[in-house]
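In the numbering used here, the protein residues as written are 4 to 425.
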RNA sequence: GGAGAAGUGGCAGAGUGGUCGAAUGCACUGGUCUUGAAAACCAGCGUACCGCAAGGUACCGGGGGUUCGAAUCCCUCCUUCUCCGCCA
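What follows is the structure, given as structure tokens:
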């Protein structure tokens, strides 16, 4: 959520910035400001009335204390009008309050200066490419044929037990999964991220904290009976560790990591997009999260990019880095870098990681602040990224490291898998 | 799941309808004293919002209610503790 102060002070800059998302913010921003003005007027009136009420009440108390019953009762009679006024104003103020919040929830984050204007993925910028595109001297198999051939993942079995999008990993497939998780966590640990095992179900407040609610309500599995949500990413529980937190000074750089399964309803997805491991309802992911001083946000983002590059290189995967255009950048992010690996078998790029900075967009909702040198509270910056999401990495590994005989496991994984080939 | 108790400022802990944003102690900050430190003494010490300011409003687990007035009474939810039940 954008800060109301910022909307008041930088109206035009925000509207201009959001054009890069092909989002016309003017009607909303103008309404916010107009409602905000009404709110302030009503709020002022309400506080004035409350102040009068408080004074009279105090007087009544003193009069009763002095045993002056009559005068006290007389004073009581005066309050009826004020009280009616107060409760009417309160209702109005509450309504205006809700109106502003609802409007603010509709405003996405303002893209960073580096972000190009654009409406869809077609406008994303390719920032960097690494490695050689895979070339095979034989017919390369898509991963779902490889997993089938070597008995690594049983999609049908998942359908039987649960439904489509819930694969069953088995044998070397399961071991590869576990190895990747260990590898990613070890690498994050080496890079200074503290490991957490958070809950996989979160309450409504946490969903709002990181911005999944109300924007993406339909994307999360919801447990009605307990009013809880299955996490769509570890970002939610990890970042919410710091909800309503005031860091005591400016000297902080908080780095968290965690492995969790992630649950996504993916309503509306169909066809070849969901083939094999490309899009699942349940998948595993190691996430990295950072909470930073605003002045350190750039540096943190670059470190995260470097970290993911390192992972992909150690896995021997060729990749490219994209900076998403305004229209393709997520609602809460001000800038996002995607990592993609080319699948020769599927003849398309697979998104394997996404790193975003949110500036104060999440911390506004989270109330995540620090005390600056002037002893004032100031909002922190948050960032997060996948490091890495398993399914597409597994798909990329199987497809790009395949030979006519099987699949070569990258050396970095050997100590975790216990085998070098499939 | 059942029965009971409790949730107050950074911590501890008073406060059961009126001048309570809240005693007191500890911690913390500044000062006096001291060669320095400690001790002692003095002063200060929550957050948010509105306002140029003076100031005002709100906050005693969350939400709602009673009342002129609520930390205090009522309802409800949450959490913690004790006992019972169930259970990996």
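Beta carbons are placed, not taken as given, at the ideal position from N, Cα and C, and that holds for glycine.
Just so you know, these numbers come straight off a predicted model, no measurement behind them.
Pairwise C-alpha distance: residue j and residue i
i: residue 192; j: residue 186; result: 10 Å
i: residue 107; j: residue 368; result: 11 Å
i: residue 42; j: residue 90; result: 15 Å
i: residue 285; j: residue 97; result: 40 Å
i: residue 428; j: residue 348; result: This structure does not reach residue 428, given that the chain is present from 4 up to 425, and the question cannot be answered.
i: residue 178; j: residue 420; result: 6 Å
i: residue 342; j: residue 391; result: 10 Å
i: residue 121; j: residue 110; result: 17 Å
i: residue 27; j: residue 354; result: 28 Å
i: residue 406; j: residue 168; result: 27 Å
i: residue 170; j: residue 310; result: 28 Å
i: residue 396; j: residue 162; result: 22 Å
i: residue 105; j: residue 299; result: 31 Å
i: residue 209; j: residue 141; result: 49 Å
i: residue 422; j: residue 359; result: 35 Å
i: residue 147; j: residue 18; result: 45 Å
i: residue 429; j: residue 303; result: Shown here, the chain extends from 4 to 425; a query on residue 429 therefore has no answer.
i: residue 22; j: residue 409; result: 49 Å
i: residue 227; j: residue 206; result: 11 Å
i: residue 307; j: residue 188; result: 14 Å
i: residue 95; j: residue 45; result: 7 Å
i: residue 74; j: residue 377; result: 49 Å
i: residue 190; j: residue 218; result: 33 Å
i: residue 292; j: residue 371; result: 14 Å
i: residue 375; j: residue 4; result: 22 Å
i: residue 34; j: residue 40; result: 10 Å
i: residue 425; j: residue 301; result: 41 Å
i: residue 426; j: residue 231; result: This structure cannot speak to residue 426, because the chain is shown only from 4 to 425.
i: residue 151; j: residue 182; result: 20 Å
i: residue 426; j: residue 283; result: For the chain, the structure presents residues 4 to 425; residue 426 sits outside this window and is missing.
Residue i in three-state terms, based on DSSP
i: residue 94; result: helix
i: residue 363; result: coil
i: residue 55; result: helix
i: residue 191; result: helix
i: residue 407; result: coil
i: residue 1; result: There is simply no residue 1 to check, as the chain begins at 4 and stops at 425 in what is shown.
i: residue 186; result: helix
i: residue 1; result: A question about residue 1 goes unanswered here, because the residues of the chain that appear run from 4 up to 425.
i: residue 10; result: helix
i: residue 44; result: helix
i: residue 133; result: strand
i: residue 218; result: coil
i: residue 32; result: helix
i: residue 241; result: helix
i: residue 381; result: strand
i: residue 200; result: coil
i: residue 109; result: coil
i: residue 1; result: The structure shown does not extend to residue 1, since the chain spans only 4 to 425, so no value can be given for it.
i: residue 207; result: helix
i: residue 122; result: coil
i: residue 248; result: strand
Nearest-angstrom Cβ-Cβ length linking residue i and residue j, presumed shorter than 8 Å
i: residue 261; j: residue 241; result: 5 Å
i: residue 25; j: residue 279; result: Contact doesn't hold; Cβ gap of about 32 Å is too wide.
i: residue 365; j: residue 214; result: 6 Å
i: residue 289; j: residue 184; result: 6 Å
i: residue 102; j: residue 38; result: 5 Å
i: residue 389; j: residue 357; result: 6 Å
i: residue 321; j: residue 137; result: 7 Å
Cβ shell of residue i (< 7 Å), same chain only, five flanking positions each side left out
i: residue 202; result: 240
i: residue 233; result: 203, 204, 223, 224 and 266
i: residue 52; result: 85, 88, 89 and 92
Nonlocal neighbours in the same chain, by C-beta distance under 6 Å from residue i, ignoring five residues either side
i: residue 319; result: 413
i: residue 415; result: 317
i: residue 250; result: 373
i: residue 401; result: 146, 149 and 410
i: residue 346; result: 353 and 402
i: residue 257; result: 294
i: residue 248; result: 371
i: residue 328; result: 119, 121, 126 and 127
i: residue 334; result: 111 and 218
Own chain partners of residue i with C-beta closer than 8 Å, once the 5 adjacent residues on each side are dropped
i: residue 86; result: 56
i: residue 36; result: 10, 11 and 14
i: residue 131; result: 323 and 324
i: residue 144; result: 152, 348, 402 and 405
* To do: Report yes or no: do three or more beta-carbon pairs, one from the segment 124-143 and one from the segment 57-69, lie closer than 8 Å?
  => no
* To do: Could you tell me whether the segment 53-65 touches the segment 76-89, where touching means 3 or more Cβ pairs closer than 8 Å?
  => yes
* Three CB pairs or more closer than 8 Å across the segment 137-157 and the segment 376-390 -> no
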